[in-house]
Structure formats: C-alpha cells, structure tokens
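Residue numbers (our numbering): 2 to 234. Down below is the structure, laid out as structure tokens.
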Ligand SMILES: Nc1ncnc2c1ncn2[C@@H]1O[C@H](COP(=O)(O)OP(=O)(O)O)[C@@H](O)[C@H]1O
Ligand SMILES: [Mg+2]
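What follows is the structure, encoded as structure tokens:
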C-alpha cells in the first residue's frame, strides 16, 4: 500500500534521513519506533508532502507521490494525526470533524459524526466546545476522529499517546485495536513498545534516519537486546 524506498531528506544543510526504507500492506498495522530525534516525524512529513525529499521513492498504491502537494496526497487516501494533535483551536469539536470530511475513496460505509461519537463518547459530550478548551486526551481523540472523517485508506498517527495520562493512553490504544479489527491500515509512530507489540503486526526501528531493525511483534518482544539498544527499554 505504502512503499518508501531509499528516502533521503534534510533541513537545509542538515541531512536527517539516510535511505529510509519501509512498507505497509493493506490491512496491516506497522510501526516506526525509535528514540527522539531519529527522523520519524521527518519521514511522516516527507510522506505527506510537507517536506520535499532529497532522494528516494515514495509510492502509495503503486503510484509515486513524492513531491506532490499535501492536499493531493491526502486526496489519494493518506490521513494524518499529526504530532502535537493540531486541532483547530477556534472551531468546535463538530466543526473540527467536518472541516476536512470527505469520502473520495468511495468507502461503502464511510465515517460519520455519529460513528466518531460512538468511538469516542467523550467527544460526543464536548461536541459544541471549542477545540482549545478540550483536554489533551480529548484533543487527541478529536484529531483521530478528524483524520477518520477523511475516510483514509492509510491512517498515520505520529505519537498519538504522547503526554497523556495512562487511562487516556489505554483508551487510545483500545480505539486503534478496534480500528485494526475493522480492517483499517495504520502506520503508528511511537516509542511505547509494550502497548504497540500488542496492536501492531510489524515494526521498523529507526536510528539516525535509517531503519536498523525490522520484524514482527513476536520477534521484537523476544529480542530484549534490540529493545534495550535502540529503544532504551
Ligand atoms: N524544522 C526543522 N528544522 C531543522 N531541523 C529539524 C527540524 N525538525 C526536526 N529537525 C531535526 O531533525 C532530526 C529528526 O527530527 P524528527 O524527525 O522530528 O525526529 P523524531 O520524530 O524521530 O523525534 C532531529 O535532529 C531534529 O532536531
Ligand atoms: Mg517526532
């Protein structure tokens, strides 16, 4: 579904990605794991067309998307829950959900406000509240709901549970598990190995802008040495 090959990216003269390689197949939940500053968000920016790659290929469903404008990439079916949530502060929860809603891929059973409210009852209760007045957890749920309302073929979440209380985190992971059961393809960027080996099928560990390890959840769980060396667990 998504295939990233030999991707290089830089900010000015400072190169951050050095031949990134990974792929996500339809129906899979895949992670990019790694410590802070390793290039995970930069990879997401390149995939979403927010940063022009220096070299390499990015293909989505067989079509090259590198160097296309972000809105085209979103229209092709990539939905992003960005690092730091970035909900629209001066729009209500409902307006946040409706702002980018669409069903371009012609999903037979598309996401609706009702379905998002069912997934996140907390958002249903705050539907008329401004984005900026929501708690961190509510904003995260709203950001996920907003991405779902675009009916993405691939949902990308960059540090979706970052900075949230343990109970709220658990709720986010539960939501992702239910999306996976429903067949949603997901690319998860995170540091929380323990929660993710439960949810994800496969993992890529990113170190200084390259993939240094890849394997299944069972392989990652069994490899204490890799977890310690690259993830500090
Ligand atoms: N806008 C930017 N300008 C310059 N350097 C940046 C910018 N964003 C990130 N970086 C640098 O790029 C590297 C990778 O960052 P990032 O992709 O955000 O890592 P991660 O998401 O894995 O924590 C870091 O060294 C970071 O300081
Ligand atoms: Mg990041």
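Every residue gets a Cβ at the ideal spot worked out from N, C-alpha and C, and that includes glycine.
For residue i, is the beta carbon positioned less than 8 Å from some heavy atom of ligand 4?
i, result
"residue 160", "For ligand 4, the structure offers nothing, since it holds only ligand 1 and ligand 2."
Do you know how far the Cα of residue j is from the Cα of residue i?
i, j, result
"residue 91", "residue 214", "42 Å"
"residue 79", "residue 134", "28 Å"
"residue 94", "residue 124", "7 Å"
"residue 68", "residue 47", "8 Å"
"residue 209", "residue 35", "9 Å"
"residue 143", "residue 114", "11 Å"
"residue 131", "residue 148", "18 Å"
"residue 96", "residue 110", "21 Å"
"residue 25", "residue 187", "8 Å"
"residue 89", "residue 166", "22 Å"
"residue 226", "residue 218", "14 Å"
"residue 81", "residue 158", "6 Å"
"residue 234", "residue 194", "8 Å"
"residue 45", "residue 162", "17 Å"
Let me check understanding here. Comparing Cα to Cα, which of the options lies closest to residue i?
i, options, result
"residue 32", "198, 15, 139", "198"
"residue 183", "156, 105, 166", "156"
"residue 160", "179, 42, 118, 129", "42"
"residue 86", "37, 171, 181, 141", "141"
"residue 37", "207, 83, 50, 129", "207"
"residue 21", "10, 15, 14", "10"
"residue 127", "98, 191, 172, 14", "98"
"residue 185", "27, 3, 89, 8", "27"
"residue 221", "2, 203, 121", "203"
"residue 100", "150, 8, 129", "150"
"residue 13", "137, 52, 171, 77", "52"
"residue 175", "82, 107, 200, 73", "200"
"residue 181", "154, 192, 191", "154"
"residue 73", "56, 62, 83, 49", "49"
"residue 190", "223, 19, 118, 232", "232"
Looking at the unbroken alpha helix (DSSP H) that takes in residue i, where does it start and where does it end?
i, result
"residue 142", "137 to 149"
"residue 113", "Neither: residue 113 is in no alpha helix (DSSP H) and is coded neither H nor E."
"residue 88", "Looking at the DSSP string, residue 88 is not in any alpha helix (DSSP H), and its letter there is neither H nor E."
"residue 41", "41 to 48"
"residue 51", "Counting along the chain, residue 51 falls outside any alpha helix (DSSP H), and DSSP gives it neither H nor E."
For residue i and residue j, which I take to be in contact (beta-carbon distance under 8 Å), what is that distance rounded to the nearest angstrom?
i, j, result
"residue 58", "residue 6", "5 Å"
"residue 66", "residue 75", "Contact doesn't hold; Cβ gap of about 10 Å is too wide."
"residue 152", "residue 103", "7 Å"
"residue 54", "residue 8", "5 Å"
"residue 164", "residue 137", "6 Å"
Which two residues bound the contiguous beta strand (DSSP E) that contains residue i?
i, result
"residue 3", "3 to 12"
"residue 157", "155 to 159"
"residue 212", "211 to 217"
"residue 189", "186 to 191"
Note to self: Under 5 Å, CB to any heavy atom of ligand 1. Which residues pass, going along the chain?
What the structure shows: 12, 17, 37, 38, 39, 40, 41, 42, 43
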